[in-house]
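Undergrad: Right, I'll just put the structure down here and ask away after.
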Amino acid sequence: LSPFSVLGEIVVNEVNFVRKCIATDTSQYDLWGKLVCTNFKISFITDDPMPLQKFHYKNLLLGEHDVPLTCIEQIVTVNDTKRKQKVLGPNQKLKFNPTELIIYCKDFRIVRFRFDEAGPESAKKVCLAIAHYSQPTDLQLLFAFEYVGEIYHNPAKKVNGIDPGGGGGVIGSASGQQTPLFETYSDWDREIKRTGASEWRVCSVNEGYMISTCLPEYFVVPSSLADQDLKLYSYSFIGRRMPLWSWNHPNGSALVRMANIKDVLQQRRIDQRICNAITRSHPLRSDVYKSDLDKRLPNLQEIQAAHIKLKQLCVNEPFEETEEKWLSSLENTHWLEHIRSFLKHSAELVYMMECKHVSVVLQEEEGRDLSCLAASLIQVMLDPYFRTIVGFQSLIQKEWVMAGYQFLDRCNHLKRSDKESPLFLMFLDCVWQLLEQYPAAFEFSEVYLTILYDSARISLFGTFLFNCPHQRVKESTEFAISKNIQLGDEKGLRFPCVWDWSLQFTSRDRLLFHNPLYIGKSAPCVQNGAVKTFKRSKKNYSSTLRGVPPALKNGIISEQEFLPRRNSLILKLKPDFLQQTESQSNSMEQYFRDWFAKPADLHGVILPRISGTQIKLWKLCYFRWVPEAQINHGGFITAFHRVSLLADEVDMLNRNLRQYKSNSSLQGNCSELDHSRMYFRAKSLNDNSGAPDFLSSSFPFSPVGNLCRRSILGTPLSKFLSGAKIWLSTETLANED
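Counting from 1, position 601 in the sequence shown corresponds to residue 601 in full-length UniProt numbering; the numbering is continuous, with no gaps.
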């Protein structure tokens, strides 16, 4: 089987007799093979068996030694004899023959190759090719464009038998449900009906992106706002980003996102007009609570700085001190502190909607960064539909992809953006914290979240490739014209969608996405065209204080009026908000105190526990490529395995019961067995077999083959923490020619 099976993929350069380093202190485990650079990935092809590896989770697009070009962060060439090293840019020259190549990846992998036996000129050419193709100068040079160009010129050809784009507004899932893409009027209309937002309507004023290029063509606004008013008001908002409806609570409270109003003279009048319209859309005409996210949450630069420190800590810090020093170093990255801030503030806004029955407006300068994360977290906490796989995917489509989150710049796909910030990763980390605290409330597993993060680094999918929907249409239309592709009635080229998981994994491997602990319930969704609305019984509402909001200012409740005390379950108030009366904070404190005193309703609201030790490091995501951190036969996967067997036994009992009642044939029962929903399956009832040998804390990923510090074998944490520093930064490298 050729490793270059993706349509449009071509070999750019290759070199033979390359050694892939497996450990730093010995060459015993090194692999020999061919290093290949294509226009999609770098690939190492070897006939040598991987040492000590008993399992590998196979991606249909990538081999076990492959790295997508968009996942490469830094390329370092080294010459041992001349004692030179150089970080390679896209168009730089290399004046020495490299003896070693080190690839630093955005997912914390480090891959090292030696050219001791390879031809020096061939080694130099492949290094320059990798540097050039992994740092494209233009969006249309990303591999997705090459792939869709081939598809449109050769419609009979498909990647893994699947057409790009899903052929419409929804993408199918293994469960048979559909993931709405929110590209059409009807998708938004269904979401209005699902949430019971009767006083809101789908607006088509931005069709053809006539008003704003960073908004979707269709979005939801208060019914009382006319299109003509929206057009008029749009000029006053940054980026002409008019207020966007996100979600409606069953009590009528709405969640709305809004950019800042740049017209100072008109600011108060337009702000009041928007808030009045939101108030009229509430069945109780309740008030509007505005949250200024730029003041309440960490900014993009702080998040990026924390991520860099986290990477240094997890991969390259030389810890000669004790393990306690490592924990304080983790705290000093501020990564977990930022996660706590997002969870804390989102929980406060859940309280406003759930208990105070007021609509919440998330205000941010451009309304397309922090508000993506906050709006998504609030909905995950409030609506169990968004804790299902299809619901979660629809949430990302709605609040990130269609709302104009700048994936191209924030993920830095072109390696030249000064706007890089891992906000999407932070969102997935926040969701993982909730999954860790309420494992039975989520249909998906942490493996699903990790692979979703990885998929944002694969340049085949259009989902996470652009800054906004308009950019996809504009760039792909220009590309189609340059390649003489006839678009017909289509708005731009259709790229493969990441939600079509069959592009990457077999149906068997996709079972690892499912959480065996999940306690399912008839999820609110659209089935066969019929809309099932999101409803909950009264017992799920807070029965604590439902006090009337205090005095209003222009119909808007200020943030200061509902902040908890310093010793509250919701921690770390900002100093300027501490001057408040006890009565103003008591109701929120009481709400959280009462909520945590009762068992959580897994099909209702869930709230985060955010005290010190309850916010954890997402080890599977950040430690999976570090062999020294791997715990053989350990980690959460051991519990996952056991619960999967128990769940499968329950399914077997149910099948036997159905068979007994219906006297169905044994053959029919075997057919059902083949469609088990568990990745790990029980061999029989009361299956007491032990865990498979290949299970480890890194499962289903394998750190073997990624550079480690001392030896290939797993070592105690103390040895892991005292490893040598190997991540080379641009600042510390002697950038010599």
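Where is the CB? At the ideal position from N, CA and C, for every residue including glycine.
#1: Look up asparagine 248 in the DSSP assignment and say whether it is helix, strand or coil.
#2: Grouping DSSP H, G and I as helix and E and B as strand, with all else coil, what is proline 283?
#3: Taking the straight line between their C-alpha atoms, what separation do you get for phenylalanine 17 and aspartate 138?
#4: From this set, Leu284, Trp247 and Arg368, which residue's C-alpha is nearest leucine 293's C-alpha?
#5: Leaving aside the five residues before and after alanine 691 along the sequence, list all residues of the same chain whose C-beta is less than 7 Å from its C-beta, in chain order.
#6: List the residues that DSSP assigns as beta-bridge partners of cysteine 203.
#7: Taking one C-beta from the stretch 430–437 and one from the stretch 240–257 each time, how about it: are there three or more such pairs within less than 8 Å?
#8: Taking its Cβ as the centre, do 16 or more other Cβ atoms sit within 10 Å of glutamine 630, making it buried, or is it exposed?
#9: Determine the direct distance from the alpha carbon of serine 346 to that of leucine 569, and round the result to whole angstroms.
#10: With distance defined between alpha-carbon atoms, name the residue in Phe115, Pro90, Lys34 and Leu94 nearest to leucine 101.
#11: Quick check on methionine 678: does DSSP put it in helix, strand or coil?
#12: Compare the C-alpha of isoleucine 519 against each of Ser445, Arg494 and Gly462 and name the closest.
#13: Is the distance from the Cβ of valine 358 to the Cβ of valine 256 below 9 Å?
#14: Ordered along the chain, which non-local residues of its own chain (more than five positions away) have a Cβ less than 8 Å from that of leucine 685?
#15: Quick check: the Cα distance between phenylalanine 407 and phenylalanine 495, rounded to an integer number of angstroms?
#16: In three-state terms, what does DSSP make of glutamate 366?
#17: Would you call arginine 566 buried or exposed, if buried means 16 or more other Cβ atoms sit within 10 Å of its Cβ?
#18: Label aspartate 500 either buried or exposed according to how many other C-beta atoms from any shown protein chain fall within 10 Å of its C-beta, with 16 as the threshold for buried.
#19: Less than 8 Å between the CB atoms is what I'm expecting for leucine 41 and leucine 62, so what's the real figure, rounded?
#20: When burial is assigned at 16 or more other CB atoms within 10 Å of the CB, is alanine 129 buried or exposed?
#21: At which residue ranges does the stretch 364–443 contain complete alpha helix (DSSP H) runs of 4 or more residues, listed in the order of the chain?
#22: Tell me which residue opens and which closes the alpha helix (DSSP H) that serine 291 is part of.
#23: Do the stretch 220–237 and the stretch 270–285 meet, that is, are 3 or more Cβ pairs less than 8 Å apart?
#24: Taking the alpha-carbon positions, what's the glutamate 14 to serine 134 distance?
#25: Please list the segments of the alpha helix (DSSP H) lying wholly inside the stretch 585–632, counting only runs of 4 or more residues, in order along the chain.
#26: Have a look at lysine 124 and asparagine 97 and give me their C-alpha separation to the nearest angstrom.
#27: The alpha helix (DSSP H) that contains methionine 352, what's its start and end?
#28: At what residues does the alpha helix (DSSP H) containing threonine 638 begin and finish?
#29: Please classify glycine 404 as buried or exposed, where buried requires at least 16 other C-beta atoms within 10 Å of its C-beta.
#30: Is it buried or exposed for isoleucine 610, if we count other Cβ within 10 angstroms and need 16 for buried?
#31: Determine the DSSP secondary structure at tryptophan 188, reduced to helix, strand or coil.
#32: Phenylalanine 701 and tyrosine 57 look like a contact to me (Cβ under 8 Å); what is the Cβ gap, rounded to whole Å?
#33: How about lysine 262 and serine 291: do their beta carbons lie closer than 9 Å?
#34: Verify the CB distance criterion: does tyrosine 147 have a CB-CB separation below 9 Å to chain B?
#35: Hey, which unbroken runs of the beta strand (DSSP E) at 3 residues or more fall wholly within the stretch 32–102?
#36: Threonine 184 and tyrosine 218: beta carbons closer than 9 Å?
TA: According to the data block:
#1: Sequence index remark: in the sequence shown, residue 248 carries index 248 (1-based). Strand at asparagine 248.
#2: Numbered from 1 along the sequence shown, position 283 holds the residue referred to as residue 283. In this structure, proline 283 counts as coil in the three-state DSSP scheme.
#3: As a working mapping, residue 17 is identified with position 17 in the sequence shown. As a working mapping, residue 138 is identified with position 138 in the sequence shown. Approximately 33 Å, taken between the alpha carbons.
#4: Counting from one through the sequence shown, the residue named residue 293 turns up at place 293. Cα-wise, what sits closest to leucine 293 is Arg368.
#5: Numbered from 1 along the sequence shown, position 691 holds the residue referred to as residue 691. Same-chain partners within the cutoff: His633, Thr638 and His641.
#6: By one-based count along the sequence shown, residue 203 stands at place 203. Answer is Phe219.
#7: no
#8: Within the sequence shown, numbered from 1, the residue matching residue 630 stands at position 630. Buried.
#9: Reading the sequence shown from its first residue, position 569 is the one you call residue 569. Reading the sequence shown from its first residue, position 346 is the one you call residue 346. Note that leucine 569 has pLDDT 44, beneath the 50 cutoff, so the model's placement of it is unreliable and no number is given.
#10: For the purposes of this step, residue 101 is identified with residue 101 of the sequence shown, where counting begins at 1. Of the listed residues, the one whose Cα sits closest to leucine 101 is Phe115.
#11: Here residue 678 is taken as the residue at index 678 of the sequence shown, counted from 1. Looking at methionine 678 - three-state DSSP - the assignment turns out to be coil, as it is neither helix nor strand.
#12: As a working mapping, residue 519 is identified with position 519 in the sequence shown. Sorting Ser445, Arg494 and Gly462 by C-alpha distance to the C-alpha of isoleucine 519 places Ser445 at the top.
#13: The residue given as residue 358 occupies position 358 in the sequence shown. The residue given as residue 256 occupies position 256 in the sequence shown. In this structure, valine 256 does not lie closer than 9 Å to valine 358 by Cβ.
#14: In the sequence shown, residue 685 corresponds to position 685, counting from 1. Only Glu649, Met652 and Leu653 meet the Cβ criterion.
#15: Position 407 of the sequence shown, counting from 1, holds the residue named residue 407. Position 495 of the sequence shown, counting from 1, holds the residue named residue 495. Each residue's Cα considered, the two are about 15 Å apart.
#16: Here the question's residue 366 lines up with position 366 in the sequence shown. Correct three-state label for glutamate 366: coil.
#17: Translated into positions along the sequence shown, residue 566 becomes position 566. Low confidence applies here, because arginine 566 scores a pLDDT of 34, under 50, leaving its location unreliable; read the following figure in that light. Arginine 566 should be labelled exposed.
#18: For this step, residue 500 is matched to residue 500 along the sequence shown. Around the C-beta of aspartate 500, 16 or more other C-beta atoms lie within 10 Å, and the residue is accordingly described as buried.
#19: Position 41 of the sequence shown holds residue 41. Position 62 of the sequence shown holds residue 62. One detail in the question is off: residue 41 reads as lysine in this sequence, not leucine. The pair is a contact, with the Cβ atoms about 6 Å apart (cut-off 8 Å).
#20: Within the sequence shown, numbered from 1, the residue matching residue 129 stands at position 129. It is buried - the Cβ of alanine 129 has at least 16 other Cβ atoms within 10 Å.
#21: Fully enclosed alpha helix (DSSP H) runs of 4 or longer: 370–382, 389–396, 407–410 and 423–437.
#22: Locating residue 291 in the sequence shown gives position 291, where the first residue counts as 1. Unbroken run through serine 291 is the beta strand (DSSP E), 288–292; no alpha helix (DSSP H).
#23: yes
#24: The residue you call residue 14 lines up with position 14 of the sequence shown. The residue you call residue 134 lines up with position 134 of the sequence shown. The alpha-carbon of glutamate 14 is positioned some 15 Å away from that of serine 134.
#25: Counting whole runs of 4 or more residues, the stretch 585–632 contains the alpha helix (DSSP H) stretches 619–623.
#26: Counting from 1 along the sequence shown, the entry for residue 124 is found at position 124. Counting from 1 along the sequence shown, the entry for residue 97 is found at position 97. So the alpha carbons of these two residues sit roughly 6 Å apart.
#27: As a working mapping, residue 352 is identified with position 352 in the sequence shown. 335–354 is the extent of the alpha helix (DSSP H) around methionine 352.
#28: Your numbering for residue 638 matches position 638 in the sequence shown. Segment 636–662, the alpha helix (DSSP H) holding threonine 638.
#29: Numbered from 1 along the sequence shown, position 404 holds the residue referred to as residue 404. Looking at its Cβ environment, which holds 16 or more other Cβ atoms inside 10 Å, glycine 404 is buried.
#30: Against the sequence shown, residue 610 aligns to sequence position 610. The residue in question, isoleucine 610, is buried, as its Cβ has 16 or more Cβ neighbours within 10 Å.
#31: For the purposes of this step, residue 188 is taken as residue 188 along the sequence shown, with counting starting at 1. Helix.
#32: Sequence index remark: in the sequence shown, residue 701 carries index 701 (1-based). Sequence index remark: in the sequence shown, residue 57 carries index 57 (1-based). Rounded, the Cβ-Cβ distance is 6 Å, consistent with contact.
#33: On the sequence shown, position 262 is the one that residue 262 refers to. On the sequence shown, position 291 is the one that residue 291 refers to. Against a cut-off of 9 Å, the Cβ pair of serine 291 and lysine 262 comes out as no contact.
#34: No chain B appears in this structure, which consists of one protein chain only.
#35: 41–46, 72–79 and 84–87
#36: Here residue 184 corresponds to residue number 184 of the sequence shown, with the count starting at 1. Here residue 218 corresponds to residue number 218 of the sequence shown, with the count starting at 1. Yes, Cβ-Cβ distance for threonine 184 and tyrosine 218 is below 9 Å.
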